[in-house]
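In our numbering, the protein residues as written are 110 to 162. Note that CB positions come from ideal geometry on N, CA and C, so glycine has one too. Just so it is clear, the structure is predicted and the values come from calculations on it, not from any experiment.
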């Protein structure tokens, strides 16, 4: 997989190994497992655009 970095609103950076076809919902589940932020409260932004499930 490829290494991806996610920064939360507190400025903490989380690191994940993902495969490119992983869906946004799956990424949100991984973030929840690692950081405890509920999936419905997450907003993933990439290249200035919000990613949809």
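Would residue i and residue j be called neighbours here (beta carbons separated by less than 8 Å)?
i: residue 123; j: residue 117; result: yes
i: residue 146; j: residue 140; result: yes
i: residue 148; j: residue 138; result: yes
i: residue 129; j: residue 144; result: no
Measuring only between beta-carbons, confirm whether residue i sits less than 8 Å from chain D.
i: residue 149; result: Absence of chain D from the displayed structure is noted, only one protein chain being present.
Sorted by chain position, which residues of the same chain lie with C-beta nearer than 6 Å to residue i's C-beta, five sequence neighbours on each side aside?
i: residue 113; result: 125 and 127
i: residue 134; result: 162
Within a Cβ cutoff of 8 Å, which residues of the same chain sit near residue i, ignoring the five residues on either side of it in sequence?
i: residue 151; result: 137, 140 and 141
Which runs of the alpha helix (DSSP H) at least 4 residues long sit entirely within the stretch 114 to 154? Give them in chain order. 133 to 144
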